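J.: These protein sequence lines are chains A and B, in that order. Counting from 17, one number per residue, gives the positions in the first sequence under the numbering used here. Counting from 271, one number per residue, gives the positions in the second sequence under the numbering used here. Backbone N, C-alpha and C fix where the C-beta goes; we use that ideal spot for every residue, glycine too. Keep in mind the model is a prediction, meaning the values are calculated, not measured.
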Amino acid sequence: MLSSSCVAMLARLLLLALSFSIALQALPALSDELDERIGPLVERVTRLSERHVDVSRVVGELDRAVKLWDSGDRGEALRVVESVEVEVSRLEGEAGFIELSYRVKLYATVAALLATPILFYTLLPRLYLALWFRLRRGWVVRVASRR
Amino acid sequence: MLLDDEVFAVLTAIVVVASVFSAAMLIREGYVAEPFTAIGLLNENCRIGEYPGYVRSNSTVTLCLYVYNHEGKPLYWKVVYRLGSNKTLPTNTTPSPEPAIQEWRGVLGHRQNSTFKVAVRIPEIPLNTTRVTLIFELWVYDVNLHTWVYTGRWVHLHVNVAR
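1) Take Asn430(B) as the anchor and find which of Leu397(B), Trp424(B), Arg381(B) has the nearest alpha-carbon.
2) Nearest to Lys121(A) by CA position, among Ala293(B), Val285(B), Glu276(B), Ile284(B), is which residue?
3) Report the residue from Ala283(B), His380(B), Arg401(B), Glu320(B) whose alpha carbon sits nearest the alpha carbon of Leu345(B).
4) Pull up the distance between the alpha-carbon of His340(B) and that of Pro305(B), whole angstroms please.
5) Chain B beta carbons: is any one of them nearer than 9 angstroms to that of Ile54(A)?
6) When you compare the CB of Glu92(A) with every CB in chain B, is at least one pair closer than 9 angstroms?
7) Going by the beta-carbon positions, is the gap between Val100(A) and Gly376(B) smaller than 9 angstroms?
8) Around the C-beta of Ser289(B), are 16 or more other C-beta atoms found within 10 angstroms, so that it is buried, or is it exposed?
9) Taking only beta-carbon atoms, is Val58(A) less than 9 angstroms away from chain B?
10) Would you decide whether Tyr351(B) is buried or exposed? Buried here means 16 or more other CB atoms lie within 10 Å of its CB.
11) Residues of chain B with a CB under 7 angstroms from the CB of Ser105(A): which are they?
12) At a threshold of 8 angstroms, does Phe136(A) count as lining the ligand GTP (C-beta to nearest heavy atom)?
13) Considering only their Cβ atoms, is the gap separating Leu57(A) from Trp85(A) smaller than 9 angstroms?
14) Pull out every residue of the stretch 398-426 of chain B whose Cβ sits closer than 7 angstroms to any Cβ of chain A, in chain order.
15) Do the stretch 95-110 of chain A and the stretch 57-72 of chain A touch if we need at least three Cβ pairs shorter than 8 angstroms?
In structure tokens form, the structure reads like this:
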């Protein structure tokens, strides 16, 4: 015969095992449904960010969609996801131009920076002399008398 | 005084070093030399310290989680919560063998962090257990493998069980 404390303990263990198994089964099922929508979008957003497209707003909206989904407001979450899909498609269309303009700006800035020492070397003595003479424009030069 | 040759040479050298350094920094902009993610556990006021020392079966504990992304790209992340012991802690490569009880997800851009309060569920704890460990693991969604991958980052909190 099992004592009452043993029975209570067994019941608690059974309850614990049941709650864990429910958690195990429920979590992946809930996650997969959202992951199927968010996963590919995150992949596309990652590709966009690699092409120097500003994706901060899109990332914020995706985060909002996930939070809405987890809070139970799945209709609104899906609506946000759909709007993000539209936005990502638009950004993908513009990504070529954005990437090109980024690279042009980057290379132009680097070229300007690397040209600075050459310009400095050639122009500084001339500028310095021009300034030196300009500041002494009104000066009278007198030859010192020889002793 | 006309421009001295030595002064001019020093000035030119400074300009050469500064321009090369600036150009290198510009080219390296956006490049992440050491990508990483981070997770932190904070108390219910989202501060470090003063964590709860006791938990009861079938109750909830309010805590705060911090997640940071420095991977150089946006991340779809989740924190998985498990209840275990000091013998079932995760490692740098493997998650805890305990079953997942709750999870929290989000999307973070590069250099972004998220700090949020969580109501941690404490399930039924066996009578002979006096001490449990709340384990929080950070997982990220691998866009190439299309699956969740454990980052090797976790935080845990040892607590006593109050009866």
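T.: The short version:
1) Nearest C-alpha to Asn430(B): Leu397(B).
2) With distances taken between CA atoms, Lys121(A) lies nearest to Ala293(B) out of Ala293(B), Val285(B), Glu276(B), Ile284(B).
3) Out of Ala283(B), His380(B), Arg401(B), Glu320(B), His380(B) has the C-alpha closest to the C-alpha of Leu345(B).
4) Approximately 6 angstroms between the Cα atoms of the pair.
5) For Ile54(A), the answer is yes, since a Cβ of chain B falls inside 9 angstroms of its Cβ.
6) Not closer than 9 angstroms to any Cβ of chain B, the Cβ of Glu92(A) fails to qualify, so no.
7) Going by C-beta atoms, Val100(A) is not nearer than 9 angstroms to Gly376(B).
8) Counting C-beta atoms within 10 angstroms of its own C-beta, Ser289(B) has 16 or more neighbours from the protein chains shown and is therefore classed as buried.
9) Output row for Val58(A): interface = yes.
10) Label assigned to Tyr351(B): buried.
11) Correct list: empty, because the minimum Cβ distance to chain B is about 17 angstroms.
12) Looking at this structure, you won't find the ligand GTP or any other ligand, since it has none at all.
13) No; because the gap between Cβ atoms is not below 9 angstroms, this pair is not in contact.
14) Residues of the stretch 398-426 of chain B with a Cβ closer than 7 angstroms to any Cβ of chain A, in chain order: Tyr411, Val413, His416.
15) Flag = yes, the stretch 95-110 of chain A and the stretch 57-72 of chain A touch.
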